[in-house]
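Engineer: Dumping the structure here so I can ask a few things about it.
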Amino acid sequence: MPEQRRPVLLAVDDDDHVLRAVRRDLSRAYQQRYRVVATRSPVEATQILDRLRGRREEAALILSDQRMPEMTGIEFLAEAGRRFPAARRVLLTAYADTSVAISAINKVRLDHYLVKPWEPPEERLYPVLDDLLSDWESAHEAPYQGIRLVGHRYAPATHRLRDLLTRYRLPFRFEEAEPGDPGAPEVVLPDGRRLARPGHGEVVAALGLATELSHPHYDLAIVGGGPTGLAASVYASSEGMTTLLIEAYVPGGQAGTSSRIENYLGFPSGISGVDLTSRAMAQARRFGVDVLAPVEAERLSRAGRACVLNLSDGKEITAATVLLSPGLSYRSLDAEDAARFEGAGIYYGAALSETESCVGRHVWIVGGANSAGQAVLHFSRHARHVTLVVRADSLASGMSAYLVDEIAARGNITVMTNTCVVAAGGGDRLEHITLRDTRSGELTTREAEHVFVFIGARPRTEWLDHLVRRDPHGFLLTGPDLGPVAGLTGWDLPRSPLLLETSVPGVFAAGDVRANSVKRLASGVGEGAMAVSMIHRYHSES
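Residue numbers for the sequence shown follow full-length UniProt numbering, beginning at 1 and rising by one.
Dropping the structure here:
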């Protein structure tokens with residue numbers, strides 16, 4: 001890469017000794033990929049950023065001391081963020097100023113703070129910066145350049161491909177197809193190949209993302225690649241189990257569609273669902289997990305002690321144990337003609353892929369839980385106005401307090417409580433919705449082009465009904481919820497089912513799909529790890 005085109009790492013500190021140490025440590029580890037620039041003056045640093053922006057160069061990481069005479073580090077990082085919003089920002093601080101650094105996490109979207117001194121850098125500096133730069137690079141340098149998606153902007157098939165490419169973090173350029181083009185949507189690959197009206201599996205295979213099975217039989221097969229399944233795959237494979245992860249769409253599940261997760265432990269400034277699940281996928285692959293996606297599990301059966309999974313691509317997989325974490329599907333909007341506009345103005349959990357289409361527009365969000373709140377805040381940064389439609393009489397009943405407070409603080413958000421959507425209308429795409437006041441019954445029709453729906457979900461367990469016991473709502477029963485062993489058909493072990501074990505020995509369930517589980521990201525990750533320990537116990541008994 002030419003010298004002037006290398007992304008910049010900018011360090012600012014008015015203490016010469018500290019600045020020399022920062023420049024030395026940055027250069028030692030990163031000078032092959034980045035250009036290290038250091039200055040004592042935050043005013044000069046601001047001018048450097050302006051020059052970089054004028055030359056269309058990139059700033060990847062900005063480190064600033066807090067106590068400087070011209071302006072504080074927090075003030076400078078706020079200025080830097082306005083110039084390079086994607087750059088990762090780190091505050092250098094003394095022990096006495098850690099409270100200031102913590103407050104800056106929310107004030108300027110600080111990515112991290114480092115307490116001086118950071119010796120040895122191998123333990124206290126490089127791991128932090130490696131993680132931040134990896135995160136930055138993943139958004140700027142993907143291995144698949146030049147993908148074009150040609151389609152009709154408001155066609156459902158085009159929307160599904162946009163969502164697929166976005167979820168896989170593949171940069172692509174969207175081009176509007178000619179009216180009536182019979183080949184649309186079409187994916188044009190960097191090598192010139194053209195895929196007309198492709199299925200998801202065809203796109204994934206063409207881009208080299210498909211995985212070949214490396215074992216004839218697995219210690220553990222995991223159905224569902226959301227946070228629960230990803231956590232289980234990392235723990236199982238790191239402990240020596242041959243592990244297969246099967247995902248019907250894109251690894252990440254519903255968490256992968258979240259624009260920003262701000263209450264997950266360890267990420268004080270928040271993290272997008274795509275970033276979080278991409279990191280988990282990288283961990284899983286590093287430990288040797290085989291991943292099949294997009295492939296659906298269609299049938300589960302037993303062959304002696306082994307479990308047999310029949311997949312939608314025709315494969316038959318055998319495994320000693322199975323973990324079921326297929327997650328939930330968003331519930332459809334119960335409104336007249338809503339189904340006709342799915343993917344053409346009405347979307348389910350597709351906030352990220354449709355962001356570009358909503359810039360400067362009026363966006364409607366339907367739902368009152370955290371996923372709806374996260375979507376509202378995401379779109380409020382891009383749309384002209386966002387209206388949140390909530391059936392309940394307040395947000396507090398279903399949404400975390402931090403989201404309620406942030407929504408109240410945004411000037412371009414309107415919350416309509418005691419309201420539901422009862423009809424949708426338009427031509428080839430959504431043009432308007434009808435709202436009903438649940439107290440008075442009054443109906444109003446409003447213009448609407450973009451409606452995102454987050455109104456609860458149902459478990460993806462219909463394919464298990466013949467074998468695994470479910471509750472009346474379709475959630476999988478485990479452990480004590482199964483009742484007395486005497487009532488379990490086919491249970492042939494001398495003990496009761498383990499806490500996360502289903503009515504079938506060796507078949508476990510975890511995460512949102514499990515009856516009476518806590519429907520939260522952190523608890524799903526915890527259950528995935530817990531399931532692995534119980535699977536170890538099952539193996540030791542067999």
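Cβ coordinates follow ideal geometry from the N, Cα and C atoms, glycine included. Quantities reported herein were computed from a predicted structural model and do not represent experimental measurements.
By the 10 Å Cβ neighbour count, where 16 or more other Cβ atoms means buried, how is Glu-449 classified, buried or exposed?
Structural biologist: On the sequence shown, residue 449 is found 449 positions in, with the first residue counted as 1. Classification of Glu-449: buried, given that the 10 Å Cβ count is 16 or more.
Engineer: Hey, Ala-236 and Leu-220: beta-carbon distance below 8 Å or not?
Structural biologist: Working through the sequence shown from its first residue, we reach residue 236 at position 236. Working through the sequence shown from its first residue, we reach residue 220 at position 220. Yes; because the gap between Cβ atoms is below 8 Å, this pair is in contact.
Engineer: Jot down the residue ranges of each uninterrupted alpha helix (DSSP H) in the segment 60-96, minimum 4 residues, whole runs only, in chain order.
Structural biologist: Listed in chain order, the complete alpha helix (DSSP H) runs (minimum 4 residues) inside the segment 60-96 are 73-83.
Engineer: Would you check if the segment 296-304 and the segment 261-277 touch, i.e. whether three or more CB-CB distances between them fall below 8 Å?
Structural biologist: The segment 261-277, when compared against the segment 296-304, does not touch it at the 8 Å Cβ threshold.
Engineer: Helix, strand or coil for residue 556? Go by DSSP, reduced to three states.
Structural biologist: Missing from the structure shown is residue 556; the chain here goes from 1 to 542 and no further.
Engineer: Identify which residue in Gly-483, Asp-16 and Gln-31 has its Cα closest to the Cα of Arg-6.
Structural biologist: Walking along the sequence shown from the start, residue 6 turns up at place 6. Arg-6 has its Cα closest to that of Gln-31, out of Gly-483, Asp-16 and Gln-31.
Engineer: Can you tell me whether Ala-142 is helix, strand or coil according to DSSP?
Structural biologist: Translated into positions along the sequence shown, residue 142 becomes position 142. Caution applies to Ala-142, whose pLDDT of 45 falls short of 50 and renders its modelled position unreliable; the value that the coordinates give is listed next. Of the three classes helix, strand and coil, the one that applies to Ala-142 here is coil, per DSSP.
Engineer: Would you check if there are 3 or more beta carbon pairs closer than 8 Å linking the segment 380-396 to the segment 261-269?
Structural biologist: These segments do not touch.
Engineer: What would DSSP say about Ser-103, mapped onto helix, strand or coil?
Structural biologist: Reading the sequence shown from its first residue, position 103 is the one you call residue 103. Reduced to three states, the DSSP call for Ser-103 is helix.
Engineer: Could you pull the start and end residues of the alpha helix (DSSP H) that Tyr-538 belongs to?
Structural biologist: Position 538 of the sequence shown holds residue 538. From DSSP, the alpha helix (DSSP H) with Tyr-538 extends over 521-541.
Engineer: Helix, strand or coil for Asp-219, going by three-state DSSP, please let me know.
Structural biologist: Stepping through the sequence shown from its first residue, residue 219 is reached at position 219. In the structure shown, Asp-219 sits in a strand (DSSP, three-state: E or B).
Engineer: Below 6 Å CB to CB, which residues in the same chain sit around Ala-177 once its five sequence neighbours on both sides are set aside?
Structural biologist: Counting from 1 along the sequence shown, the entry for residue 177 is found at position 177. Excluding residues within five positions, the ones whose Cβ falls inside 6 Å are Val-150, Gly-151, His-152 and Ala-184.
Engineer: Flag this pair as touching only if the segment 503-516 and the segment 315-324 have three or more C-beta atom pairs under 8 Å; answer yes or no.
Structural biologist: Flag = yes, the segment 503-516 and the segment 315-324 touch.
Engineer: Would you report the Cα separation of Gly-224 and His-17, rounded to the nearest angstrom?
Structural biologist: Position 224 of the sequence shown, counted from the start, is the residue given in the question as residue 224. Position 17 of the sequence shown, counted from the start, is the residue given in the question as residue 17. Taking the straight line joining both Cα atoms gives about 52 Å.
Engineer: State buried or exposed for Val-366, treating a residue as buried only when at least 16 other CB atoms are found within 10 Å of its CB.
Structural biologist: Counting from 1 along the sequence shown, the entry for residue 366 is found at position 366. So Val-366 counts as buried.
Engineer: Can you check whether the CB of Thr-419 is closer than 8 Å to the CB of Leu-435?
Structural biologist: Taking the first residue of the sequence shown as 1, we reach residue 435 at position 435. Taking the first residue of the sequence shown as 1, we reach residue 419 at position 419. Result yes, Cβ atoms of Leu-435 and Thr-419 sit closer than 8 Å.
Engineer: Alpha helix (DSSP H) containing Arg-286: first to last residue?
Structural biologist: As a position in the sequence shown, residue 286 is number 286, starting the count at 1. Run containing Arg-286: 273-286, per the alpha helix (DSSP H) assignment.
Engineer: Tell me whether the beta-carbon of Arg-148 lies closer than 8 Å to the beta-carbon of Val-188.
Structural biologist: Reading the sequence shown from its first residue, position 148 is the one you call residue 148. Reading the sequence shown from its first residue, position 188 is the one you call residue 188. A contact, by the Cβ cut-off of 8 Å.
Engineer: Inspect the CB distances between the segment 370-379 and the segment 391-410 and report whether three or more fall short of 8 Å.
Structural biologist: Verdict: yes, contact present.
Engineer: Which same chain residues, not among the five before or five after Leu-493, have their C-beta less than 8 Å away from its C-beta?
Structural biologist: Here the question's residue 493 lines up with position 493 in the sequence shown. Excluding sequence neighbours, Leu-493 sits near Pro-505 and Glu-541.
Engineer: Restricting to Cα atoms, I'd like to know which of Leu-19, Val-100 and Arg-28 is closest to Leu-63.
Structural biologist: Within the sequence shown, numbered from 1, the residue matching residue 63 stands at position 63. Answer by Cα proximity: Leu-19.
Engineer: Check whether the Cβ atoms of Val-363 and Phe-379 sit closer than 8 Å, and answer yes or no.
Structural biologist: Residue 363 sits at position 363 when you count from the first residue of the sequence shown. Residue 379 sits at position 379 when you count from the first residue of the sequence shown. The answer is yes: Cβ separation under 8 Å.
Engineer: Identify whether Leu-26 lies in helix, strand or coil by the three-state DSSP scheme.
Structural biologist: On the sequence shown, position 26 is the one that residue 26 refers to. If DSSP states are grouped into helix, strand and coil, Leu-26 belongs with the helices.
Engineer: So the candidates are Gly-349, Asp-337, Thr-417 and Glu-262; which of them puts its Cα closest to the Cα of Tyr-402?
Structural biologist: Here residue 402 refers to the residue found at position 402 of the sequence shown. Tyr-402 has its Cα closest to that of Glu-262, out of Gly-349, Asp-337, Thr-417 and Glu-262.
Engineer: When the cut-off is 8 Å and only beta carbons count, does Phe-508 lie next to chain C?
Structural biologist: Structure shown: chain C not included; a single protein chain is present.
Engineer: Label Arg-167 either buried or exposed according to how many other C-beta atoms from any shown protein chain fall within 10 Å of its C-beta, with 16 as the threshold for buried.
Structural biologist: Along the sequence shown, read from residue 1 onward, the residue named residue 167 stands at position 167. Buried is the call here.
Engineer: Grab me the residues of Ala-142's own chain with a C-beta within less than 8 Å of its C-beta, minus the 5 sequence neighbours each way, in chain order.
Structural biologist: By one-based count along the sequence shown, residue 142 stands at place 142. Residue confidence for Ala-142 is low, a pLDDT of 45 falling below 50, so the modelled location carries little weight; the figure read from the coordinates is stated next. Excluding residues within five positions, the ones whose Cβ falls inside 8 Å are Arg-169, Leu-170 and Pro-171.
Engineer: How is the beta strand (DSSP E) around Glu-202 delimited, first residue to last?
Structural biologist: In the sequence shown, residue 202 corresponds to position 202, counting from 1. That residue, Glu-202, is in no beta strand (DSSP E); its alpha helix (DSSP H) goes 200-206.
Engineer: Does Ala-344 come out as helix, strand or coil in the three-state DSSP assignment?
Structural biologist: Counted from its first residue, the sequence shown places residue 344 at position 344. In the structure shown, Ala-344 sits in coil (DSSP, three-state: anything other than H, G, I, E or B).
Engineer: Excluding the 5 residues preceding and the 5 following Leu-77 in the sequence, name in chain order all residues of the same chain whose CB lies nearer than 8 Å to its CB.
Structural biologist: On the sequence shown, residue 77 is found 77 positions in, with the first residue counted as 1. Ile-62, Ser-64, Arg-89, Leu-91, Ala-104, Val-108 and Leu-110.
Engineer: If you drop the 5 nearest sequence neighbours on each side, which residues of the same chain put their C-beta closer than 7 Å to that of Ala-531?
Structural biologist: As a position in the sequence shown, residue 531 is number 531, starting the count at 1. Excluding residues within five positions, the ones whose Cβ falls inside 7 Å are Ala-232, Leu-323, Leu-500, Phe-508 and Ala-510.
Engineer: Can you tell which of Thr-243, Trp-463, Pro-42 and Ser-517 has the C-alpha that lies nearest to the C-alpha of His-217?
Structural biologist: Here residue 217 is taken as the residue at index 217 of the sequence shown, counted from 1. For His-217, the nearest C-alpha among the options comes from Thr-243.
Engineer: Would you check if the distance between the CB atom of Arg-331 and the CB atom of Ala-196 is smaller than 8 Å?
Structural biologist: As a working note, residue 331 is residue 331 in the sequence shown. As a working note, residue 196 is residue 196 in the sequence shown. Not a contact, by the Cβ cut-off of 8 Å.
Engineer: Should Pro-326 go down as buried or exposed, given a rule of 16 or more other Cβ atoms within 10 Å for buried?
Structural biologist: Here residue 326 refers to the residue found at position 326 when the sequence shown is read from its first residue. It is buried - the Cβ of Pro-326 has at least 16 other Cβ atoms within 10 Å.
Engineer: What did DSSP end up calling Glu-186 once you bin it into helix, strand or coil?
Structural biologist: The residue you call residue 186 lines up with position 186 of the sequence shown. The answer is strand: DSSP assigns Glu-186 an E or B state.
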